[in-house]
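Note sheet for the following structure.
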Ligand SMILES: Cc1cc2nc3c(=O)[nH]c(=O)nc-3n(C[C@H](O)[C@H](O)[C@H](O)COP(=O)(O)O)c2cc1C
C-alpha cells in the first residue's frame, strides 16, 4: 500500500507584508522587506516546521502608489542564494520574468542556485503582468507584449531554459588528473535553438544539480495561463477564494496535463492562503479587524489600480456600482481582474466594497489552530489542493502557523515529521527529469 499522500507547504516571504498597511502593525518590523536577518529567521522557522520551500515573489515596476513591500525589496535569486547558505533542507523558490530577461542568463542563475543549495531551487515563471515593466527595459508601454504573446514568449523561453539545463550529461565531467581528461566531449551538448523570440547556441556553462533541473512553478490562471501550467509546471500557485473554486481549478489543470500526456500526480497544486490564527475565533476576527482598520480607502484604490494597468479609480464615485471597465485588466492580471469584475456584477458591489475586499481580503482560513487545520484537511482530502503556500498577513503569521497548526497536521498524519529527502523534487515527490541526450543515447 503506497505511502499516504501528505500535504505540501510553502512559505511566502513577503517582508513587511502583502497587505498595504501591514507595516504599521505594532508587531511589524518596518524594514522587513530588506532585512536579511528576518528572511534568515523566517527561512529557518519554516525549515523547523518541515516546510517544502520558501517563496520570494517579484515585480519589475513600481510607482509612488506601490505598496511598501514592493517599493524596496530583495531581488529573488540574490536573496535565495544567501538563504541557501543558512538552510539545508528547505526549497528555495523565486520569481523571475520571461518577458524581461534572457533564457541563457536565467538558466544559469537557477542552475547556480540549484548547485549552491544541493538541489533545492525552484523558479516561479511569470510573464510580468505590469505594463510599466516595459519602461525599465528600453521599451514604451505600448511595446509591452500582449497577454497572449507574453505566454508565447514564455513557452519558447522554457523550451530554451530546460534544453540548456541538459547541456551536460550527469557523468560528463571525468576530472582525471592522471590522464588529463577533464570532461567527455561526447557528453556536452549545444542546443542550437533558433526560434521566433530567441536564438541560443549553448551549451550552458554549468552542469545539472542533484535534482537534475530546478523545479518549475507557475501562477497564471487565465485560459492561456492554465494551458501553459499544464504544459510546463511541476508546481502551481493559485488564488481561489473557496474550496469549490479551488477544486474546479485543480481538476481543470490536472485534466489538461493528462491530455498532454503528463502524469497529473507529478504536478503539485498549491492555493495561496493567508491564515489568521487565534486562541478563539473571536480573537482571530479581532486580529483581522485590527489589520483591516489600518487600510485607508485611498490606499485601497491605489492597490486596486495596479491590477488594471495602474488605472486611476479615484475618478469614480465610491459608493456607486463598480465601474464598467470593458477589456481593461485583461492584458495585465487577466484571471485576477476577470474574477473581480465577476464578483462585483454577481454581488452588486460598489467601488469601495471591491477596493477594500481586494486590499484586505478576509482569509478563508481564519480561526483557532484546530479550525484552520480542519479546513486545510478538508481542501486536501477532497482533492482541491495538494498543499498550500502560506503568506503571513499578520507579522507573526508564519511563526504561529509553524508552532500551532503544523503539530496538529503532523498528529493527524497529514504532514511530514521529518524531511523525506534533501532536494526540493525529493520532498515534493516530483521525479528527476532524465537528461534528454543521455536518454536518447540509451535508446539508440
Ligand atoms: C500565489 C501567487 C503568487 C504569485 N506571484 C507572482 C509574482 O511573484 N510575480 C508576478 O508578476 N505575478 C505573480 N502572481 C500572479 C501570476 O503570475 C499571474 O500574473 C496572474 O495570476 C495573472 O495570470 P493570468 O494573466 O494568466 O491570469 C502570483 C499569483 C499567485 C496566485
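Numbering (our numbering), first residue to last: 1150 to 1593. Ideal placement from N, C-alpha and C gives every residue a C-beta, glycine not left out.
So the alpha helix (DSSP H) residue 1185 belongs to, where does it begin and stop?
Here the alpha helix (DSSP H) through residue 1185 covers 1185-1197.
Residue 1509 to residue 1322, Cα distance in whole Å?
When rounded, the distance between both Cα atoms is 53 Å.
Here's the rule I'm using: 16 or more other beta-carbon atoms within 10 Å means buried, otherwise exposed. How should residue 1234 be labelled?
Counting Cβ neighbours within 10 Å, residue 1234 comes out exposed, since fewer than 16 surround it.
Quick test of your reading: residue 1228 and residue 1269, contact by CB under 8 Å. State the CB separation rounded to the nearest angstrom.
Actually they do not touch by this definition, with Cβ atoms about 14 Å apart.
List the whole-angstrom C-beta distance separating residue 1430 from residue 1516, where the pair is believed to meet the contact cut-off of C-beta under 8 Å.
With a Cβ gap of about 5 Å, residue 1430 and residue 1516 count as contacting.
Is the number of C-beta pairs between the segment 1251-1271 and the segment 1302-1320 that are closer than 8 Å three or more?
The segment 1251-1271 is in contact with the segment 1302-1320.
Mind checking who residue 1425 pairs with in its DSSP beta bridge?
Beta-bridge pairing links residue 1425 to 1515.
Helix, strand or coil for residue 1365? Go by DSSP, reduced to three states.
DSSP places residue 1365 in strand when its eight states are reduced to three.
Helix, strand or coil for residue 1551 per DSSP?
Helix, per DSSP.
With a cut-off of 8 Å on the beta carbons, I'd call residue 1171 and residue 1440 a contact; round off their distance for me.
Rounded, the Cβ-Cβ distance is 7 Å, consistent with contact.
For residue 1325, which beta-bridge partners are listed by DSSP?
DSSP lists 1330 as partners of residue 1325.
Ligand 3 heavy atoms versus the CB of residue 1482: any closer than 8 Å?
By its list of ligands, the structure shown excludes ligand 3, since it contains just ligand 1.
Check whether the segment 1410-1419 touches the segment 1535-1553, counting contact only when three or more Cβ pairs, one atom from each stretch, lie closer than 8 Å.
Verdict: yes, contact present.
Can you list, in chain order, the residues of its chain with a C-beta nearer than 7 Å to that of residue 1362? Leave out the 5 residues immediately preceding and following it.
These residues qualify, in order along the chain: 1311, 1314 and 1582.
Can you give the beta carbon distance from residue 1579 to residue 1383, rounded, assuming they're within the 8 Å contact cut?
At roughly 5 Å, the Cβ-Cβ gap stays under 8 Å, so residue 1579 and residue 1383 are in contact.
Since residue 1486 is in the alpha helix (DSSP H), which residue starts that stretch and which ends it?
Taken as a continuous stretch (DSSP letters only), the alpha helix (DSSP H) holding residue 1486 covers 1483-1496.
Quick one: what does DSSP say residue 1245 is sitting in, helix, strand or coil?
Residue 1245 falls in the strand class under three-state DSSP.
For residue 1296, is the beta carbon positioned less than 8 Å from some heavy atom of ligand 1?
It does: the Cβ of residue 1296 is within 8 Å (strictly closer) of some heavy atom of ligand 1.
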